[in-house]
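These notes are about the structure you will find just below.
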Amino acid sequence: MLTRRLQGCSSVLLLVFLILANASGTFSEEQEAAEESRRRSLATGQFCVAKQGADPTALQTGLNYACGPGHADCGPIQPGGKCYKANDLPGLASYAYNDYFQRNAASGASCNFSGTAVTTSDDPSSGQCVFTGR
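For the sequence shown, the residue numbers in mature numbering (1 follows the signal peptide of the UniProt record, and there is no 0) are -28 to -1, 1 to 106.
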């Protein structure tokens, strides 16, 4: 009789474990969706992007500054990153310009980059590539 009770308890514990393990995976997916939603909600306000028709050499100089001395987070525009698009210098520069602009807004940063950038209220985010705005 004791053996049957222990087997019954084992079955119940196994079932509880499986339910919790499955719920854990679902919770993780829900957390990820909530995080994406939070990032999207941050993507409102003013954005700093590359000016249409800007000189490619000047864009590259601005990109180098933003990702170097400007301390922009340029990880997402590196190969394999969420915002990387090969051969899209204006897109890469836009991400770097905007990250620099948002990080330095409190200290009065401007969106100019030697005349290669402009501010816009249009969210340049696309897919998983989310631009933050202020």
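Even glycine gets a Cβ: it sits at the ideal position worked out from N, Cα and C.
A contact between stretches requires three or more CB pairs, one per stretch, nearer than 8 angstroms, and the region 17 to 31 fails this requirement with the region 46 to 56.
By the Cβ neighbour-count rule, Pro41 is exposed, with fewer than 16 other Cβ atoms within 10 Å of its own. Of the residues assessed, Ala68 falls on the buried side of the cut-off, its CB having 16 or more other CB atoms within 10 angstroms. Nearest to Ser97 by alpha-carbon distance, out of Asp71, Asn59 and Cys83, is Asp71. Looking only at Asp95, Ala58, Pro62 and Thr104, the smallest Cα-Cα distance to Asn76 is reached by Thr104. Here Ala22 carries a strand assignment [DSSP, helix/strand/coil].
In the three-state scheme derived from DSSP, where H, G and I count as helix and E and B as strand, Thr92 is classed as strand. Non-local beta-carbon contacts of Cys83 in its own chain, meaning distances under 6 angstroms to residues more than five positions away in sequence, involve Cys20, Phe73, Ala89 and Thr91 in chain order.
Ser66 places its beta carbon 9 angstroms or farther from that of Gln18. Rounded to the nearest angstrom, the Cβ distance from Pro62 to Ala22 is 4 angstroms, consistent with a contact under 8 angstroms. For Gly99, the number of other beta carbons within 10 angstroms of its own is below 16, and it is reported as exposed. A check of alpha carbon separations from Phe85 across Gln24, Leu64 and Thr33 identifies Thr33 as the nearest.
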